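A.B. asks: First the structure, then my questions, so here it is.
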Amino acid sequence: MQFALRPLTLDDTAAVHDWACLPESRRYQAWGPNTYEQTEEYVRAAVAAPPDRYVFGVLVGGQVVGSAELKLHGPSTGEIAYAVHPRVWGQGVATAAARELLRVGFSVYGRHRVFGTCDPRNVASAAVLRKVGMRYEGRMRGTAYIRDGWRDSDLYAILVDD
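Quick note: the sequence shown uses UniProt numbering, first residue 1, plus one each step.
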């Protein structure tokens with residue numbers, strides 16, 4: 001698998017929309033399925049993001065199949081998030097993206113701790129977080145409102161020395 005992360009660009013809007021419009025892509029998210037205009041708004045915001053938010057296109061074989069984000073919190077903490085097209089689920093793409101986000105967070109931005117969260121029902125995302133070495137730290141109650149009501153979030157984290 002030829003994998004890479006690179007900064008998301010406005011030219012990626014159509015590729016992002018290919019998965020952001022799918023109901024299965026947003027099952028555990030507060031967003032979507034997106035209209036094309038909502039995807040344009042997301043990509044514009046990602047491209048113009050403040051200096052504590054880094055949004056990348058996830059590329060496989062040179063094609064954008066997802067997005068991945070590193071958000072910096074204060075001087076020592078980072079947060080990762082990712083979403084990939086269902087056609088690449090189960091192929092290690094989300095794991096590769098999460099691993100690269102951790103590398104960037106620790107090596108480039110000098111983070112001491114990086115965390116990620118997921119819906120407790122999203123066993124695939126929890127597996128990704130564990131595969132990259134993150135440890136389960138607990139469940140945060142009522143953190144996001146999605147279509148079926150308030151959802152909890154499971155918290156995973158890793159320290160630079162882990």
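Beta carbons are placed, not taken as given, at the ideal position from N, Cα and C, and that holds for glycine.
Small disclaimer: the values here were computed from a predicted structure and weren't measured.
(1) Which whole-angstrom value is the C-beta distance of E79 and G116, which I expect to be below 8 Å?
(2) Nearest-angstrom Cα distance between R147 and C118?
(3) Please state whether the Cβ-Cβ distance between Y42 and N34 is less than 9 Å.
(4) Candidates A97, V114 and Y82: which alpha carbon is nearest V160's?
(5) Within its chain, find whatever has a CB closer than 7 Å to the CB of H17; leave out the 5 residues flanking it on each side and keep chain order.
(6) Take W150 and list the residues in its own chain whose beta-carbon comes closer than 6 Å to its own, dropping the five residues that flank it on each side.
(7) I need the DSSP call for R141, collapsed to helix, strand or coil.
(8) How many whole angstroms separate the CB atoms of V55 and A46, which I take to be in contact at a CB cut-off of 8 Å?
(9) Give, in chain order, every unbroken run of the alpha helix (DSSP H) that is at least 4 residues long and sits entirely within the UniProt domain "N-acetyltransferase" (3-161).
(10) Using 10 angstroms around the beta-carbon of L89, count the other beta-carbons present and answer buried if the total reaches 16, otherwise exposed.
(11) Note down the Cα distance separating E24 from P86, rounded to an integer number of angstroms.
(12) Nearest to R105 by CA position, among T77, A94, R44 and S67, is which residue?
(13) What does a CB cutoff of less than 8 Å around E137 pick up in its chain, not counting 5 residues either side in sequence?
(14) Below 8 Å on the Cβ atoms is my contact criterion, and I expect V64 with A97 to pass it. Report the Cβ-Cβ distance as a whole number of Å.
(15) How about V128 and F3: do their beta carbons lie closer than 9 Å?
(16) Since G66 contacts W19 with CB under 8 Å, what's their CB separation in whole angstroms?
C.D. replies: Walking through what the data contain:
(1) 7 Å
(2) 16 Å
(3) yes
(4) Nearest C-alpha to V160: V114.
(5) Around H17: N34, Y36 and T39.
(6) G142
(7) strand
(8) Yes, they are in contact, since the Cβ atoms of V55 and A46 sit about 4 Å apart, within 8 Å.
(9) 13-20, 36-47, 93-103 and 123-131
(10) Note on residue identity: the sequence assigns Trp, not Leu, to residue 89. So W89 counts as exposed.
(11) 7 Å
(12) A small fix is needed here, since residue 105 is Gly in this sequence, not Arg. Ranking the options by Cα distance to G105, first place goes to T77.
(13) F115, L155, Y156 and A157
(14) With 8 Å as the limit, V64 and A97 do not qualify as a contact, their Cβ atoms being about 12 Å apart.
(15) no
(16) 7 Å
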